[in-house]
Every structure is written in structure tokens, then in C-alpha cells.
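Just below is one structure, and these are the notes that go with it.
In UniProt numbering, the protein residues as written are 1 to 346.
Set out below in C-alpha cells:
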């Protein structure tokens, strides 16, 4: 409030200075004409002036404050009714400008509403398409699972690879729409990390075998409280990257999955490490940015940069902290830190 009063005094300083000079001139003339009258009249005049100016200043301050508030309300909601209320506080020469601004703001609002509607329709279409594509994908899965003996091994592996990639892409699309939604429908429950990691590795077994990657599974029977689908989505993005970005120049490729409980914080930590092409240290701060692919050679040229971005969004919603190791230089290492549920440690 003090700052606003100072700003108001600065705004009307020309009038304050003028009135002050007039009072001084009046005092000088009064003193020259009648010294005795000056002693009695001038202090009374100054006191009355201060009271009058204070009242006027307070009134002007309130009017300026109301003007400012009505102008803000008009900018936030430029409807005709709000514009008319705002115009009532301003002089006629300003009214035309405010009216022109109101028309432009209403045009912008209409355009934004139309774009929001188009975007919503587009998102609904994409989500509907992603669900519909699951039908032929399920049929493809059925054929691969039940007619495996009728398909050559090389063809089977290629189809399985295509199916897995399609599932990943569809799942990313659905989660992209999901993390942007106003209401999240996560279902939290107790999850055993060893079981969910076994399911994950079974899902990617054909790709892992095809890429000749060794798996070191050291996940312990530790329970966490989270959303199973969301956690699986996060783990899929990480494991998929470890497979995709293996170092073809190395004779032995591996992916290691392990768990531990931090001694001090008691955080449950799930770590996935590989000896692939890794990521440059200067790229680490941007790894979870939308669309970021990094500077890691030819293999990242086809990357969309959406996998880890979406994984981080889901992890944040599940209160899981994702930490990328900058010390590990022989590939890539990322850890998931799960929040502590006290009842497990009482």
C-alpha cells in the first residue's frame, strides 16, 4: 500500500508542487500585509489544506485502485458487460481505446476457444484410434502365440518386434493424452518389484534374445505402493531404450536390474544399468525434456524424444523420483526412488 501511495504522489506531483507554491505565495502576501493576521490565519489555512488534500488524495487513490482492478478484470474477461463496467471509470478519450482493445481480446478469446475445441476433438480421435488399433494388434498377438509353429523363426521374430514396437507407440500415445488430462485415474496397490520386473523381461524376451543381450536380474522381493500400469509404462520406456541403444561395437551387451534400500533415507531404489552407447554428460540435464534426443550417434536419429519425457511425467504423478547417474561412464544408468510407506518398516 505504501508503494502505491508513493506511486500516486509521483503521478500527481505536478499538482502537489503547484498547490504548495500557491500556499507559500499566499503566506508571503499575508505576512507582508498583516504580520499578526499571518500568525493566526496561515497555520489554520495550512492545516485545512492538508486535511482537504488528504481527503482528496485518499479519494483519488481509491478511484485509481478501482480503475486498476476493473481494467484487470476486463483483460481477464473481456465480455461486453465487463467492458461497460470498466468504461465507466475512464474519460471519453480513453474509452475508444479500451473498446478497441476489448474487440481484439474477444476475437482472441473466440480463436482460443475454437482451437481448444479442435485440439480436444483431435485428442479424442487419437485416443479412440489408439484403442481401436488394439483389436488388430490383439489378433496379431493371438496368431503369434497360437500359430508359432506355422511361421518361420526369422519371420516370427520380425513380427514380434513389429508388434512390440506398435504396442510401445500406442501406449506412449495413450499416456501422452493421459498425463495432460485434468483428472488422473491411477490405481495404487502393493506391488512386488521382483514380480513386475519378471513380467517386464518376459514381455521383451524375444527382443532381448534377438539382440543377444545378457540380463542380470538382481531384483529382490521388495514391496512398493504404486500404480502397476504406470510403473510398467516407466520400466518399458527404460528397458526399450537399453535395448534400442546397445553398443554394437561391444562383444558382450548386458542389462542389469537391481534393487536396494538406502541405509539413511530408507528409500527403495530400483536401478537399471546397461553398457550401451550411453548419453553425453552435457545432455543429462535435458534428458527428460519433451522431444530431446541428445547427441549420441546414429542410433538416436530415429528417436522421438518422447519415451523418457512421458516416463518422467508419469513418475512425477506417482511420486517416483528418476535419477540418471553421471558417474557411470560405461553406458547408461537410471534409478527409480520409491517413496517410503512407513507400515513396512514399523
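Each residue gets a CB set at the ideal place from its N, CA and C atoms; glycine is no exception.
What residue from the options has the CA that sits closest to residue i's CA?
i           : options            : result
residue 29  : 19, 42, 18, 17     : 42
residue 177 : 130, 19, 330       : 130
residue 72  : 58, 141, 89        : 89
residue 137 : 166, 117, 289, 323 : 166
residue 48  : 23, 242, 62        : 23
residue 312 : 238, 158, 276      : 238
residue 251 : 317, 211, 328, 159 : 211
residue 66  : 287, 44, 85        : 85
residue 195 : 160, 232, 207, 159 : 232
residue 243 : 189, 161, 111      : 161
residue 328 : 45, 3, 276         : 276
residue 158 : 208, 113, 123, 60  : 208
residue 77  : 109, 50, 289, 93   : 109
When we look at the beta-carbon of residue i and count the other beta-carbons within 10 Å, is it buried (16 or more) or exposed?
i           : result
residue 139 : exposed
residue 274 : buried
residue 285 : exposed
residue 58  : exposed
residue 187 : exposed
residue 226 : buried
residue 100 : exposed
residue 102 : buried
residue 213 : buried
residue 150 : exposed
residue 246 : buried
residue 355 : As displayed, the chain neither begins before 1 nor continues past 346, which places residue 355 out of reach and without an answer.
residue 37  : exposed
residue 35  : exposed
residue 314 : buried
residue 319 : exposed
residue 200 : buried
residue 118 : exposed
residue 40  : exposed
residue 142 : exposed
residue 224 : buried
Quick one: measure Cβ to Cβ for residue i and residue j, integer angstroms, because I've assumed they're closer than 8 Å.
i           : j           : result
residue 271 : residue 222 : Incorrect: roughly 12 Å between the Cβ atoms, too far for contact.
residue 168 : residue 106 : Going by Cβ atoms, the distance from residue 168 to residue 106 rounds to 44 Å, so no, they are not a contact pair.
residue 340 : residue 266 : 5 Å
residue 278 : residue 331 : 5 Å
residue 337 : residue 321 : 4 Å
residue 248 : residue 335 : Contact doesn't hold; Cβ gap of about 26 Å is too wide.
residue 172 : residue 306 : 6 Å
residue 87  : residue 98  : 6 Å
residue 191 : residue 228 : 6 Å
residue 324 : residue 287 : 6 Å
residue 53  : residue 21  : Wrong, their Cβ atoms sit about 14 Å apart, outside the cutoff.
I'd like to know whether the C-beta of residue i is nearer than 7 Å to at least one C-beta of chain C.
i           : result
residue 310 : The structure shown contains no chain C; it is built from a single protein chain.
Please list, in chain order, all residues of the same chain as residue i whose beta carbon is under 6 Å from its beta carbon, the five residues on each side excluded.
i           : result
residue 345 : Only weak support exists for where residue 345 lies, its pLDDT of 43 falling under 50; the value from the coordinates is given anyway. Counting only Cβ-Cβ distances below 6 Å, and skipping sequence neighbours, we find nothing.
residue 127 : 177
residue 27  : 42
residue 291 : 305
Kindly list the residues whose CB is nearer than 8 Å to the CB of residue i, restricted to its own chain and excluding five residues on each side of it in sequence; keep chain order.
i           : result
residue 216 : 254, 255, 256, 257, 258
residue 310 : 172, 175, 176, 179, 233, 237
For residue i, which residues in the same chain have their Cβ closer than 7 Å to its Cβ, ignoring the five residues on either side in sequence?
i           : result
residue 262 : 269
residue 148 : 156
residue 82  : 73, 74
residue 240 : 168, 307
Runs of alpha helix (DSSP H) lying entirely within the stretch 22-94, each at least 4 residues, in chain order: Complete alpha helix (DSSP H) runs here, min 4: 35-76, 80-87.
Ranges of the beta strand (DSSP E) found wholly within the stretch 182-221, counting only runs of at least 3: The stretch 182-221 contains these whole beta strand (DSSP E) runs: 188-192, 213-218.
Minimum length 3: unbroken beta strand (DSSP E) runs contained in the stretch 244-276: Counting whole runs of 3 or more residues, the stretch 244-276 contains the beta strand (DSSP E) stretches 253-261, 268-274.
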